[in-house]
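**Q** Below you will find the structure I want to go over with you.
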Amino acid sequence: MQENEVTLTMKVKSNDPFEFKAKKEALEKIAKLDSTTLKNLSELASSEKAIAKFNSNIGMIKTFMA
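Following the numbering used here, the numbering of the sequence shown begins with 1 at its first residue and continues without gaps.
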């Protein structure tokens with residue numbers, strides 16, 4: 001099967017260089033995800049309710065990863 005690759009240019013805005021670096025590194029990790037996971041995250045990112053629920057439950061989610 002042929003491998004496809006695309007180079008994307010994104011504007012990431014931040015006045016804080018540490019926040020900028022964190023965003024850049026997070027996006028690089030996200031780019032390596034499989035298509036199903038990426039699609040699921042995209043659906044969550046499209047919903048303010050899902051984002052709020054995710055952020056309020058991040059502690060519990062992290063315990064599942066341990």
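Each residue gets a CB set at the ideal place from its N, CA and C atoms; glycine is no exception.
The structure presented is a predicted model; accordingly, all values stated were derived computationally and were not measured.
For V6, tell me which candidate among E43, K32, E19 has the shortest Cα-Cα distance.
**A** Nearest option by C-alpha distance: K32.
**Q** Classify M65 as helix, strand or coil using the three-state DSSP reduction.
**A** DSSP places M65 in helix when its eight states are reduced to three.
**Q** If you pair each beta-carbon of the segment 7-15 with each one of the segment 23-30, do three or more pairs fall below 8 Å?
**A** Yes: the two stretches touch, three or more of their Cβ pairs being nearer than 8 Å.
**Q** Give me, in chain order, the residues of the same chain whose beta-carbon lies closer than 6 Å to that of M10; leave out the 5 immediate sequence neighbours on both sides.
**A** Closer than 6 Å at the Cβ level, and outside the excluded window around M10, lies no residue.
**Q** Tell me whether the beta-carbon of L38 lies closer than 8 Å to the beta-carbon of F54.
**A** For L38 and F54, no; Cβs fall outside 8 Å.
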